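Q: Let me give you the structure first, and then I'll get to my questions.
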Amino acid sequence: MPPIISIVGKSDSGKTTLLEGLITRIKQRGYKVAVIKHSSKDDELDTVNKDSWRFSQAGSDVSAIVTPRKLAVFKNLEHNMEPQEISQLIGPDYDLILTEGFKHGHHPKIEVHRKEQGKELVRLPGRLLAVVTDEKLDLAVPQFSKDEVKKIADLIESTLPARHKKGRGERLDI
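Count along the sequence shown starting at 1, add 4, and that's the number in our numbering.
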């Protein structure tokens with residue numbers, strides 16, 4: 005199973021923006037990256053009246069859409085899946101799984117914090133690797149500004165187990 009690192013923080017703290025930058029940087033280094041987003045809302049993810057939505061409405065337990073370049077699967081769940089369970093569905097072909105959310109999970113985390121949201125951090129189970137913040141905090145972990153995406157990617161890369169990169173290009177020091 006690929007290593008999992010979760011980007012956590014309060015709503016509107018900048019988690020998605022950080023992930024976009026990290027995905028770009030880590031991909032440029034030759035890694036295969038999967039991303040899993042957690043949402044506490046039970047929104048309808050499929051488009052109303054499209055075929056896959058109609059199949060789900062008719063009672064299908066799983067509906068999938070396949071195009072020449074993408075696969076989307078809509079599956080009814082009996083419980084909220086954790087990243088480890090989801091990684092079994094997406095397969096072992098990735099060097100790293102980044103998640104947005106999953107703050108209750110026990111995997112390593114990078115917390116995104118904004119001063120205007122108060123001093124309180126999420127501080128839940130799992131090892132805190134770093135904090136991305138706009139103020140200095142009294143913590144014994146590395147702290148980065150939101151603009152230090154390269155340094156954050158360096159930290160993430162330093163936590164990954166050694167792997168063979170044949171066929172994935174040379175690491176670019178970007």
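Beta carbons are placed, not taken as given, at the ideal position from N, Cα and C, and that holds for glycine.
None of the values given here were measured: they were computed from a predicted structure.
Note down the Cα distance separating Lys-107 from Glu-82, rounded to an integer number of angstroms.
A: Position 103 of the sequence shown, counted from the start, is the residue given in the question as residue 107. Position 78 of the sequence shown, counted from the start, is the residue given in the question as residue 82. Taking the straight line from one Cα to the other gives about 20 Å.
Q: Excluding the 5 residues flanking Ser-56 on each side, which residues of the same chain have their C-beta closer than 7 Å to its C-beta?
A: Locating residue 56 in the sequence shown gives position 52, counting from the first residue. These residues qualify, in order along the chain: Asp-50, Ser-67, Ile-69, Phe-78.
Q: Hey, would you say Val-136 sits closer than 8 Å to His-117, going by beta carbons?
A: Within the sequence shown, numbered from 1, the residue matching residue 136 stands at position 132. Within the sequence shown, numbered from 1, the residue matching residue 117 stands at position 113. Going by C-beta atoms, Val-136 is nearer than 8 Å to His-117.
Q: If we ignore side chains and look at the alpha-carbon of each, how far apart do Ala-62 and Lys-54 end up?
A: Walking along the sequence shown from the start, residue 62 turns up at place 58. Walking along the sequence shown from the start, residue 54 turns up at place 50. Between Ala-62 and Lys-54, the C-alpha separation is close to 12 Å.
Q: Return helix, strand or coil for Gly-18, following the three-state DSSP convention.
A: To locate residue 18, count along the sequence shown from 1; it is residue 14. It is coil, neither helix nor strand.
Q: Hey, Thr-20 and Glu-104 are a contact pair by Cβ (cut 8 Å); roughly how many whole angstroms apart?
A: To locate residue 20, count along the sequence shown from 1; it is residue 16. To locate residue 104, count along the sequence shown from 1; it is residue 100. That pair is a contact at about 6 Å.
Q: Contact check, Pro-7 vs Leu-100 under 8 Å by CB: the rounded distance?
A: Here residue 7 corresponds to residue number 3 of the sequence shown, with the count starting at 1. Here residue 100 corresponds to residue number 96 of the sequence shown, with the count starting at 1. Confirmed, Cβ separation roughly 6 Å.
Q: Output needed for Pro-87: all residues of its chain with C-beta closer than 8 Å, excluding positions within five of it in sequence on either side, in chain order.
A: Translated into the one-based positions of the sequence shown, residue 87 becomes position 83. Closer than 8 Å at Cβ, skipping near neighbours: Ile-8, Ser-10, Ile-40, Ile-101, Thr-103, Phe-106, Gly-109, His-111.
Q: Just to check my reading of the structure: Lys-36 and Asp-97 have Cβ atoms closer than 8 Å, yes? What is that Cβ distance to the nearest angstrom?
A: In the sequence shown, the residue the question calls residue 36 occupies position 32. In the sequence shown, the residue the question calls residue 97 occupies position 93. Sure, about 6 Å apart at Cβ, within 8 Å.
Q: Short of 7 Å in beta carbon distance, which residues of its chain neighbour Arg-29, apart from the five on each side in sequence? Order them along the chain.
A: Counting from 1 along the sequence shown, the entry for residue 29 is found at position 25. Hits under 7 Å: Val-153, Lys-154, Ala-157, Ile-178.
Q: Quick one: residues in its chain with C-beta nearer than 8 Å to the C-beta of Gly-18, no 5 flanking neighbours on either side, listed in chain order?
A: Against the sequence shown, residue 18 aligns to sequence position 14. Answer for Gly-18: Val-116, Arg-118, Val-136, Lys-150, listed in chain order.
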